[in-house]
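Presented below is the structure to which this report refers.
In our numbering, the protein residues as written are 1411 to 2109.
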């Protein structure tokens, strides 16, 4: 029975009733440790006797293993995988290590389809406890599916402490129960409690049900009246219960706490190496601290696992980690983490194992897990060059996982260890990527040029050769990125600077960078010498982009970007449409915003002018997207002879568009003056702005 939770019960009852009527629902139950989240999930399961119930849990030691938590939730439903579309089934098999990795971006869609398939026979309840410890990949897939549940008869309930990102899912935060309910709970759980002690427990627990249950089981010390963090009190209560067990049972609890997944076979085998009989695990179960059910050993509350871990001595934890590393030789990822946990200083064996685990995680697009493994590998590495390399790879993985701040910190750690030009250039490239993502495009441009200069100087010093050629190509790629960055900044001087450096490299056609170099050359010519010289070069790029049926995403996106500038709206629109269709078919949703915003349909034209009027961009709010949208608005306005309000016109109207300068304003507050009056660029980049209708004129 749950005391003081009538309102919470009604919320759960409503979700279940709607699922029985065919409507889906999602809820994130939040709150402090011990507040009753797990008990509320148990209530939901008890009330769903007529529904199929799937249970998942986030495990702290598996939080860096991609898709570990998702496998716990869906493991019993994998027999229905064949009912899914083959690309989705293949993606889910790859995520779970059952087949070669295909496309991780389809995993979320596959989860949604599998849940819908499992709900075909009746309503489905998914319970995910300790969601704050879900691995990032599982959390992303589950949130993707949760946001799209509608009429499948599925209820998905997450229970999470602070640290879980609900990403817009409905949240219901539990608070402590009221004093009357707390007194009733104590009367039931500890009827012999002295009145003074009872009042003190109610006061100190702040209505936390777990504290109300656990604190009366210990001899309460005469601690002072100053408030202490509740989790520490709960920890103290649990450790007191553990201390009452025989030494072997305490060791069995520690082995269970350190064993990922609660496999009883592994726990018993590890116990035998410590001289512990299997009966010790039975004593722990009888104490009510763990349960053994369905082939798994689990703690009755997640905080008990933490208490068992902290209760064990440091040397015993090291010994158990070493034993588990030997026993889990057939599970290389878990073995790697146990080797690392058993290390007390630099350990190249553990570092290499973690590096290999990171590689496997990257193959499954588990970038967050790869970053954690590489960062720990670097900590265990003594050689400075090798350590810097692992920190750099960790920073790349962090950036790919969208963890810009973590990536930046790792880059700085690596920079303190490197002294060779190639490593410095690579760090410049990575710093530039992070700076651009964080809204510092000018800094990104300067970093890219600095990195390219490092490599160029190195090739000059070393002379021609295979490695020198590769260095030139790497420098070329950095300069191409710098030019594209400057174009989106509406900065002609920086475009020209990047183009000049690029041409000085002396790249060859066989280097494979010709299309991108052509784009940079055309952009620089357009901005420096006008359309007569720049547009023909850029038209060639558009034509080449239109002839590519699939792949070459970056080049095709840029070709579609350039197409409106040269007046080839049809080709630009066709490239964008083909790219969007390809991204949707393959699940490559990360490129969809770019592929769908490059070029307007040819039917969207200015009234009486025959010149296509671009749609107002729908900008997502990121600094790069805002800069790109503002840049497109700036160049198009300039190309039609418009000028910023307040700029004095020094030449007579002509058919040649005014050329932008380095001082051209690039912020969204810029207002332009055209034939019909003011045209504020802010209307182009305001999030959610509607498209201009056909035949409209500037405001």
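Glycine is no exception: its CB is placed at the ideal position from the N, C-alpha and C atoms. In this text, all values refer to a predicted model and were calculated from it rather than measured experimentally.
| query | result |
| --- | --- |
| Span separating the alpha-carbon of residue 1429 from that of residue 1649 | 41 Å |
| Candidates 1506, 1510, 1415, 1501, of which the one nearest residue 1519 by Cα | 1501 |
| Given residue 1783 as reference, the closest of 1796, 1452, 1769, 1792 once Cα atoms are compared | 1769 |
| Selected residue, minimal CA-CA separation from residue 1913, among 1932, 1445, 1478, 1716 | 1932 |
| N- and C-terminal bounds of the beta strand (DSSP E) containing residue 1536 | 1534 to 1539 |
| Boundaries of the beta strand (DSSP E) in which residue 1437 is found, first to last residue | 1435 to 1440 |
| Per-residue burial, residue 2019 [other beta carbons within 10 Å of its own, 16 or more giving buried] | Here residue 2019 scores only 41 on pLDDT, less than 50, and its place in the model should not be relied on; the value that follows carries that caveat. Exposed: under 16 other Cβ atoms inside 10 Å. |
| Pairwise C-alpha distance: residue 1952 and residue 1898 | 18 Å |
| Burial state of residue 1756, where buried means 16 or more other Cβ atoms lie within 10 Å | exposed |
| Which of helix, strand or coil DSSP assigns to residue 1799 | helix |
| Extent of the continuous beta strand (DSSP E) run through residue 1702 | 1700 to 1703 |
| Touching by the beta-carbon criterion (3+ pairs, under 8 Å), the segment 1672 to 1685 and the segment 1747 to 1766 | no |
| Identity of the residues DSSP links to residue 1567 by a beta bridge | 1437, 1537 |
| Whole-angstrom distance between residue 1815 and residue 1761, CA atom to CA atom | 24 Å |
| Cut-off 7 Å between Cβ atoms - residues of its own chain near residue 1841, not counting five sequence neighbours on either side | 1821, 1857 |
| Identified DSSP bridge partners for residue 1582 | 1439 |
| Residue 1585 versus residue 1720: straight-line alpha-carbon distance, rounded | 27 Å |
| Per-residue DSSP class, three states only, for residue 1669 | coil |
| Residue 1465 in three-state terms, based on DSSP | strand |
| Contact under 8 Å by Cβ, residue 1596 with residue 1611 | yes |
| Candidates 1562, 1547, 1571: closest to residue 1540 by CA position | 1571 |
| Straight-line Cα distance separating residue 1546 from residue 1824 | 24 Å |
| Rounded Cβ spacing between residue 1707 and residue 1655 (contact assumed at less than 8 Å) | Contact flag wrong, Cβ pair sits at about 15 Å. |
| Of the residues 1657, 1579, 1418, the one placed nearest residue 1446, counting alpha carbons only | 1418 |
| Inter-residue Cα distance where the pair is residue 1887 and residue 1906 | 16 Å |
| Candidates 1699, 1718, 1726, of which the one nearest residue 1685 by Cα | 1726 |
| DSSP-derived helix/strand/coil call for residue 1706 | strand |
| Local conformation of residue 1828 per DSSP, three classes | coil |
| Limits of the alpha helix (DSSP H) - the one that residue 1471 falls within | Per DSSP, residue 1471 belongs to no alpha helix (DSSP H) and is neither H nor E. |
| Residue range of the unbroken alpha helix (DSSP H) whose run includes residue 1921 | No alpha helix (DSSP H) contains residue 1921, which DSSP labels as neither H nor E. |
| Inter-stretch contact (C-beta, 8 Å, three-pair minimum) for the segment 1659 to 1668 and the segment 1695 to 1705 | yes |
| Range covered by the alpha helix (DSSP H) that runs through residue 1778 | 1777 to 1789 |
| Same chain, Cβ closer than 7 Å to residue 1805, five either side skipped, listed in chain order | 1817, 1820, 1821, 1824, 1840 |
| Rounded distance between the beta-carbons of residue 1476 and residue 1779, thought under 8 Å | 5 Å |
| When 1470, 1493, 1488, 1548 are compared against residue 1515, the one with the closest alpha-carbon | 1548 |
| Residue 1565 beta carbon less than 8 Å from that of residue 1374 | Nothing about residue 1374 can be reported from this structure: the residues present for the chain run from 1411 to 2109 only. |
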